[in-house]
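Written out below as structure tokens is the structure these notes cover.
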Amino acid sequence: MRIVVAGATGRIGSKTVAGLRDHGARVVPVSRADGVDLGTGQGLGGALRGAEVVVDVTDAPSREPEASRDFFATATGNLLEAAAAAGAGHYVALSVVGADRAGSGYFRAKADQEALVTGSAVPYSLVRATPFFESVAAAAEDGTRPDGVFVPPLAVRPVSLDDVAAAVAHVAVGVPLFGVLEAAGPEERRLDDFVTELLTADGRTGPVVADPGAPFFGAPLRERTLLPGPDARLGHHTFTQWLEQR
Numbered sequence: 040m041r042i043v044v045a046g047a048t049g050r051i052g053s054k055t056v057a058g059l060r061d062h063g064a065r066v067v068p069v070s071r072a073d074g075v076d077l078g079t080g081q082g083l084g085g086a087l088r089g090a091e092v093v094v095d096v097t098d099a100p101s102r103e104p105e106a107s108r109d110f111f112a113t114a115t116g117n118l119l120e121a122a123a124a125a126g127a128g129h130y131v132a133l134s135v136v137g138a139d140r141a142g143s144g145y146f147r148a149k150a151d152q153e154a155l156v157t158g159s160a161v162p163y164s165l166v167r168a169t170p171f172f173e174s175v176a177a178a179a180e181d182g183t184r185p186d187g188v189f190v191p192p193l194a195v196r197p198v199s200l201d202d203v204a205a206a207v208a209h210v211a212v213g214v215p216l217f218g219v220l221e222a223a224g225p226e227e228r229r230l231d232d233f234v235t236e237l238l239t240a241d242g243r244t245g246p247v248v249a250d251p252g253a254p255f256f257g258a259p260l261r262e263r264t265l266l267p268g269p270d271a272r273l274g275h276h277t278f279t280q281w282l283e284q285r
């Protein structure tokens, strides 16, 4: 099976490439380093020639809503057009849990990306991931103020990059879902609890404040917006293990 991976040099992309090769797939990495520009479409035709599956694990260089929407509209649009022209039989896109519910911020950009994929003529699968472990650290950084660390009191199941990449590879070697697989971490707790554990591990003191008004990825969210459904594929790596292995 010939599988083209767009975003192959990124955090998820490199792990997805390794996982696909473990499945026995012939993987063609696509990135600027490989002479492919998703913004202009340059090199896409040649890179996708003969592709049976296209895996899209690209990510916007900015979490700013308008920049994210512009990136996905262009990059995903060009990828889908090239995939259709190549006769690919399966397009797998990585998205985020909550993209269909949040309605603003980065989540809106991902919802727009999903709409492009589901509206294309290419058979598709969507893999929605819960926030990565690294997103907990990013939330703590964004919420740090002189009087404490302010984060929204969201129920979350943060997940490791390895577990998400494994889910993407699993879907890519299967038949198109024409739907969604959710990938989530094994533990459900509140975001402020995870942030407290992170700060303790780093030897940092000071209060962690559960602030209902604090945004996450640029969006104000309800408590359970980021939780997956009951059929989610749960990973094996815990947040504590991630902290110990950083």
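Each residue of the sequence shown is one higher than the one before, counting from 40 in this note's numbering. Here a beta-carbon is modelled for each residue, glycine too, at the ideal position from N, C-alpha and C. Note that the coordinates shown come from a computational prediction; the quantities given were computed from them, not determined experimentally.
#1: Alpha carbon to alpha carbon, how far is S53 from D76?
#2: Thinking C-beta only, is P68 closer than 9 Å to V93?
#3: Would you mind giving the Cβ-Cβ distance between V156 and A132, rounded to the nearest angstrom? I have them listed as a contact below 8 Å.
#4: Once the 5 residues before and after F30 are set aside, which same chain residues still bring their CB inside 7 Å of it?
#5: Can you confirm whether the region 76 to 90 touches the region 221 to 241 when touching is taken to mean that 3 or more C-beta pairs between the two stretches lie within less than 8 Å?
#6: Using 8 Å for Cβ pairs, my map puts R147 next to P104. What's the rounded Cβ distance?
#7: Taking the beta carbon of P185 as the centre, do at least 16 other beta carbons fall within 10 Å, making it buried, or is it exposed?
#8: Roughly how many angstroms lie between the CA atoms of D98 and D241, to the nearest whole one?
#9: What residues match up with P267 in a beta bridge as DSSP calls it?
#10: For H275, which three-state DSSP category applies?
#11: Suppose the cutoff is 8 Å on Cβ atoms and the five residues either side in sequence are ignored; what does the same chain contact list for L59 look like?
#12: Where does A90 fall in DSSP's three states?
#13: I want to check one thing, is the minimum distance from the CB of G80 to the heavy atoms of the ligand SAM below 8 Å?
#14: From the DSSP output, read off the bridge partner residues of I42.
#15: Identify every residue that forms a DSSP beta bridge with V188.
#16: Write down the C-beta distance between I51 and V203 rounded to the nearest angstrom, noting that I regard them as a contact closer than 8 Å.
Working from what's here:
#1: 18 Å
#2: Taking 9 Å as the cut-off, the Cβ atoms of V93 and P68 do not count as close.
#3: 5 Å
#4: Outside the modelled stretch of the chain, which goes from 40 to 285, sits residue 30, for which no answer is possible.
#5: no
#6: 6 Å
#7: exposed
#8: Cα to Cα, D98 sits roughly 28 Å from D241.
#9: DSSP lists no partner for P267.
#10: coil
#11: I42, V44, V66, V94, A208, A211 and V212
#12: DSSP, read as helix, strand or coil, puts A90 in coil.
#13: Among the components modelled here there is no ligand, and therefore nothing to report on the ligand SAM.
#14: V66 and V92
#15: T183 and V247
#16: Rounded, the Cβ-Cβ distance is 6 Å, consistent with contact.
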